[in-house]
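Notes follow the structure.
Numbering (the working numbering), first residue to last: 10 to 301.
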């Protein structure tokens, strides 16, 4: 499939993500469902971890290359809240022999200024009284998504927006720290983006393909460093970026979105790096398996 642009009809022929749940969680993750009664590695993250439009995202490639059960807990546009608000998922994380957490943006977590949906973290729910006091001239009922809201606030006042950004960074550090603490095994953070981390965090709200993960900078990851077994950085090669959507599976209507996602070659490069890092962390052995 690599090297071939594939367009599927919307309907039965589209890519089947085999949605599944773990425990009592209400969240649907990408399947097939993995067994949790044997050692496994848990992969947490957003759209890239989920692997939209890909037959084999990097968690599946790591499973094949490492020979260990890999549980894909990635969710489209996820933030840390999707896990911290779900006791069943925290149990899955705690039971993993190792955890890989994709560096997710700071915009999709609840904080002192606004609340996000507990399961669809990119959905803006409401502004706090503190936010309303800072932006008295804004009608927050007009917003449904965090990125749209933040872009509007920054365009309105860069100075006032800087106050919100500072809060987002502090909330991200606290929430990611809680998520790391939920794991009993070693935790790797995974930076998977088309560019290296900016010193002050990505700020281009208008271009999701180039700005994610939003607002995260090296200083924030340095704070979390003592809790981590390591940081794996995957910035796709020029060849992978040129390959773009080759080998991905999507309809013509989905093409514009698919072209903003990490492609097949980029996911293979991510898997190669994670396999090396995990192999150094974990004892040899184990075989893969799916739930019965």
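All residues carry an ideal CB built from backbone N, CA and C; glycine is no exception. Small disclaimer: the values here were computed from a predicted structure and weren't measured.
8 Å Cβ cutoff met for residue 111 and residue 155
As a first step, residue 111 must be located in the chain shown, where it is residue number 102. As a first step, residue 155 must be located in the chain shown, where it is residue number 146. No, the pair does not count as a contact, with Cβ atoms beyond the cut-off.
Between which residues of its own chain and residue 98 is the CB-CB distance below 6 Å, once the five residues before and five after are set aside?
By one-based count along the chain shown, residue 98 stands at place 89. Excluding sequence neighbours, residue 98 sits near 34 and 92.
Proximity to residue 126 [Cα-Cα], best of 104, 144, 94 and 114
Within the chain shown, residue 126 is the residue found at index 117, counting from 1. It is 94.
Are the CB atoms of residue 86 and residue 39 within a distance shorter than 8 Å?
Locating residue 39 in the chain shown gives position 30, counting from the first residue. Locating residue 86 in the chain shown gives position 77, counting from the first residue. No.
How should residue 243 be labelled, buried or exposed, when 16 other C-beta atoms within 10 angstroms of its C-beta is the threshold for buried?
Walking along the chain shown from the start, residue 243 turns up at place 234. Label assigned to residue 243: buried.
Residue from 78, 118, 65 and 56 whose Cα sits closest to the Cα of residue 224
On the chain shown, residue 224 is found 215 positions in, with the first residue counted as 1. When each option's Cα is compared against that of residue 224, the closest is 118.
Could you tell me whether the Cβ atoms of residue 45 and residue 280 are closer together than 8 Å?
Within the chain shown, the letter at position 36 stands for residue 45. Within the chain shown, the letter at position 271 stands for residue 280. No.
Classification of residue 171 by the beta-carbon crowding that lies within 10 angstroms, buried from 16 upward:
The sequence position of residue 171 within the chain shown is 162, counting from 1. Residue 171 should be labelled exposed.
Give the DSSP-derived three-state secondary structure of residue 290 in the structure shown.
For the purposes of this step, residue 290 is identified with residue 281 of the chain shown, where counting begins at 1. Correct three-state label for residue 290: helix.
Whose CA, out of 233, 194, 227 and 191, lies closest to the CA of residue 182?
The residue labelled residue 182 in the question sits at position 173 within the chain shown. Checked all of 233, 194, 227 and 191; the closest Cα to residue 182 is 233.
Three or more C-beta pairs below 8 Å linking the stretch 122–137 and the stretch 190–208
no
Can you find a heavy atom of the ligand FAD that lies under 7 Å from the Cβ of residue 234?
As presented, the structure is devoid of all ligands, the ligand FAD included, so that no description of it is given.
In terms of alpha-carbon separation, which member of 106, 142, 67 and 272 lies closest to residue 49?
Residue 49 sits at position 40 when you count from the first residue of the chain shown. For the residues 106, 142, 67 and 272, the minimum Cα distance to residue 49 belongs to 106.
Return the CA-CA distance between residue 134 and residue 150, expressed in angstroms with no decimal places.
Taking the chain shown and counting its residues from 1, the one referred to as residue 134 is at position 125. Taking the chain shown and counting its residues from 1, the one referred to as residue 150 is at position 141. Cα-Cα distance, rounded: 9 Å.
Sort out for me which residues DSSP pairs residue 94 with in a bridge.
Start at 1 with the first residue of the chain shown, and residue 94 comes out as number 85. Beta-bridge pairing links residue 94 to no other residue.
With C-beta atoms as the reference, is residue 162 less than 8 Å away from residue 139?
In the chain shown, the residue the question calls residue 162 occupies position 153. In the chain shown, the residue the question calls residue 139 occupies position 130. In this structure, the beta-carbon distance from residue 162 to residue 139 does not fall below 8 Å.
Residue 149 in three-state terms, based on DSSP:
To locate residue 149, count along the chain shown from 1; it is residue 140. Three-state result, residue 149: helix.
Please report the straight-line C-alpha distance between residue 202 and residue 141, rounded to a whole angstrom.
On the chain shown, position 193 is the one that residue 202 refers to. On the chain shown, position 132 is the one that residue 141 refers to. Cα to Cα, residue 202 sits roughly 33 Å from residue 141.
Identity of the residue in 120, 273, 287 and 83 nearest residue 246 by Cα
As a position in the chain shown, residue 246 is number 237, starting the count at 1. The shortest Cα separation from residue 246 among 120, 273, 287 and 83 belongs to 273.
With a 10 Å radius around its C-beta and 16 neighbouring C-beta atoms as the bar for buried, classify residue 96 as buried or exposed.
On the chain shown, position 87 is the one that residue 96 refers to. Residue 96 counts as exposed, since fewer than 16 other C-beta atoms from the protein chains shown sit within 10 angstroms of its C-beta.
What is the DSSP secondary structure of residue 296, reduced to helix, strand or coil?
As a first step, residue 296 is located in the chain shown; it is residue number 287 there, counting from the start. Confidence is the limiting factor: at residue 296 the pLDDT is only 45, short of 50, which leaves the residue's position unreliable, though a coordinate-based value still follows. Here residue 296 sits in coil by DSSP.
Which of helix, strand or coil does DSSP assign to residue 277?
Start at 1 with the first residue of the chain shown, and residue 277 comes out as number 268. Correct three-state label for residue 277: helix.
Taking buried to mean at least 16 other C-beta atoms within 10 Å of its own C-beta, is residue 285 buried or exposed?
To locate residue 285, count along the chain shown from 1; it is residue 276. Taking every protein chain shown into account, the CB of residue 285 has fewer than 16 other CB atoms within 10 angstroms, so this residue is exposed.
For residue 61, does the three-state DSSP call read helix, strand or coil?
On the chain shown, position 52 is the one that residue 61 refers to. DSSP places residue 61 in the coil class of the three-state scheme, outside both helix and strand.
For residue 270, is the classification buried or exposed, using 16 other Cβ atoms within 10 angstroms of its Cβ as the cut-off for buried?
Taking the first residue of the chain shown as 1, we reach residue 270 at position 261. With 16 or more Cβ atoms within 10 Å of its Cβ, residue 270 is classed as buried.
C-alpha gap between residue 84 and residue 169, whole angstroms:
Translated into the one-based positions of the chain shown, residue 84 becomes position 75. Translated into the one-based positions of the chain shown, residue 169 becomes position 160. One C-alpha to the other measures close to 31 Å.
Based on the DSSP secondary-structure assignment, which residues constitute the bridge partners of residue 86?
Taking the chain shown and counting its residues from 1, one reaches residue 86 at position 77. Answer is none; residue 86 lacks a bridge partner.
Taking buried to mean at least 16 other C-beta atoms within 10 Å of its own C-beta, is residue 131 buried or exposed?
The residue labelled residue 131 in the question sits at position 122 within the chain shown. By the 10 Å Cβ count, residue 131 comes out buried.
Can you tell me which of the three DSSP states residue 124 falls into?
Indexing the chain shown from 1 puts residue 124 at position 115. Three-state DSSP puts residue 124 in a strand.
Going by CA-CA distance only, name the one from 51, 47 and 62 that's closest to residue 276.
To locate residue 276, count along the chain shown from 1; it is residue 267. The shortest C-alpha separation from residue 276 is found at 62.
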